[in-house]
Every structure is written in structure tokens, then in C-alpha cells.
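Report on one structure; see the data block that follows.
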Amino acid sequence: MDSAQVDAYLRRLGAEHPPRPTAEALGALHLRHLRTVPFENLSVHLGEEIVLAETPLHDKVVGRGRGGFCYELNGLFGALLTALGYRVTMLAARVYGDGGRVGIPYDHMALLVRTEEGGDWLADVGFGAHSHGPLAVGERADQEDGGGTFRVVESGPDAAGVRGGDGVRGGDGVAKASGPARAADLDVLRDGKQVYRVEARPRVLDDFVSGAWWHSTSPRSHFLQSTVCSRVTGDGGRITLSGRRLTSTAAGGGREDRELETDAEVLAAYREHFGIRLDRVPVRRRDDTGPQAGTRP
């Protein structure tokens, strides 16, 4: 990312160029990103190609004032942080679902960010309702945040009985050494509930192409069930447009829902609340399991 792209990105966030890659500056950029760049899956329902490469992502998020889902938002935010002097590592994560089951490989992307002070932080601007600031990776106590109470812990065994850091297990169930031990995988919890499992192995943006394809095409992907567009508000609450339902959630937990009746109201809501200008309402994408479901979830 060259200096002109960095400057344009910072203008999109309404942020000044930080003088140094500090933890404080990281936290400020993280929160501004959540407030200004929405988490949205509109490309899936508009029939737009999702390209995981820096230039197309910059064109979409900065040039066209759009948002995206995790691979797009964290992928581009990681490039910005790198250009600002942070040491950034992309990490794959698997999101916990019903019954404590984890999702597909490359289900989610998060960022491990090292600041000039030497601290390691888990940054994530692409998960929807999540922490408002980066989480300290080495801290095992509760971390209070505008988005809830978070905790980062070492993961237990997965469905195959293996923990991150274990070697390959033989038929007798004993771990076999296969080179230097790697760091343990980590679970991120919000208000005591498992959110996702982060794998310690570094990844690159191309690694997530299969996950982006699955989430854009599989009938089992929740992204195909409805359109969603969401961001943090200035007071720490959240505004979300899912299908035709506009939901405002206050920082204290109060909630107000409103059903939008016309296409004109939907397009106006995208402009007013998210800065997204569309010439048509995104229509829920057809999957292979049944007929077109329309724009209502």
C-alpha cells in the first residue's frame, strides 16, 4: 500500500496518520474502523465478485465507500497497519456454532498485531458484533471492552482430540514429535461464551480464498440467508440493516426495530446509516436448495 493509498484510507476512517505504531494508535484506528466501515455481505447478494487482493479491496472499501466481510476488512486493515509500521500476521479462525461445533477451516480471519512497545494484540474489524478494541493476546484474565467482557484462553482438544501445539498422534493416541512444538491455538470468549478458535500458524491472504468462496456459495453459509450491513455507532451502540429490518441497539442494551416497507426506504437507509449508495436493493441470493426467497429474511 503506497502513501497515497494510506492517506486515502485514513481519510475514509477520519483518522490522522499516527506518528508511531503504538498500542494506543492501534486502538484508535480499530474503533474508527468499526464506526466508519460497515461489516456487510452485500456483494454476495448483488452478484459482485469478491477478490481477495489488496488493490481491489482498497478500490471497494476506500474508493467506493463500501464495507465487506472478515477476509476483506481484516485483509485490508492488515495492509494498512503494515504500511503504518506495525508487524501484522494473518491468522485463520473457526467460529463456534451450535453445540460448541467449530466451522469450516478458514472460516474467519483475524490479525495478530505487534506494536512498537512489543505487545501482541488480536485485532478484528470484520466480525460484526465483537470487541471494539484489540485484545491483549497474552492476557488470560477478563478484558473489559465496549463490546462486552472478553477473555483469550488456550484452546482445548478439537474434535480429533488434538490441541494446537500437539504433534501428530499415533494409533496408540500418543503424540509423536514432528519438529519444534508450535504455539497453542487460542479461544476467544465474549461474556463467557466461546466465539471463535484462532489457529496460531501464520497465513497469507490467498489462503482464505476457499473460505470466501464457501461463505459466498454454500447453502449452509449464514451469509446466504439474508443481507446484512452493520457498524458500531458513535455512542458505542450498533446499527444494523438485515434484509428490510433496521435495528438500532443502544450501548446499554436497549433495542429498536423497524421494518422498511419500500425499496426507496431501504436504499435511503444504506445511504444515511452506512454511507453506501446503491442503484438497486440487494436481493437474497438463490441457493441450490429451493426457490428465490426474495429480499426478506
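For the sequence shown, my numbering assigns the number 20 to the initial residue and increments by one for each residue that follows.
Each residue gets a CB set at the ideal place from its N, CA and C atoms; glycine is no exception.
On a predicted model such as this, the values are computed, not experimentally measured, just so you know.
Let me make sure I understand the geometry here. Which of G255, R263, R106 has the alpha-carbon closest to that of E136?
R106
Who pairs with E278 in a beta bridge, going by DSSP?
R264
Rounded to whole angstroms, what is the Cα-Cα separation between L53 and T252?
8 angstroms
Q24 lies in the beta strand (DSSP E); which residues open and close that run?
It is not in any beta strand (DSSP E) - Q24 instead sits in the alpha helix (DSSP H) that spans 22-32.
Between G87 and P75, what straight-line distance do the alpha-carbon atoms span, to the nearest angstrom?
12 angstroms
By the 10 Å Cβ neighbour count, where 16 or more other Cβ atoms means buried, how is Y28 classified, buried or exposed?
buried
What whole-angstrom Cβ distance do L99 and L130 have, given they're in contact under 8 angstroms?
Not really, about 11 angstroms apart at Cβ, beyond 8 angstroms.
Kindly list the residues whose CB is nearer than 6 angstroms to the CB of C248, restricted to its own chain and excluding five residues on each side of it in sequence; keep chain order.
P57, E59, L260, F293
Based on Cα-Cα distance, which residue from R209, D78, G183 lies nearest to L7?
The requested residue 7 is not part of the displayed model; the chain covers only 20 to 316.
For the alpha helix (DSSP H) holding S62, just list the boundary residues, first then last.
61-65
Measuring only the C-alpha atoms, how far is G104 from M20?
12 angstroms
T268: which of G166, A155, G262, A179 sits nearest, CA to CA?
G166
Considering only residues of the same chain and omitting the five flanking positions on each side of G119, which have a CB-CB separation below 8 angstroms?
Q213
Taking 8 angstroms as the threshold (C-beta atoms), are F227 and V125 in contact?
Looking at the sequence shown, residue 125 is not Val but Tyr. Yes.
Please tell me whether L208 and R159 are closer than 8 angstroms, where the distance is taken between their beta carbons.
no
Could you check whether V300 and D282 sit closer than 8 angstroms to each other, using their CB atoms as the reference points?
yes
Straight-line gap, V81 to H49 (C-alpha atoms, nearest Å)
16 angstroms
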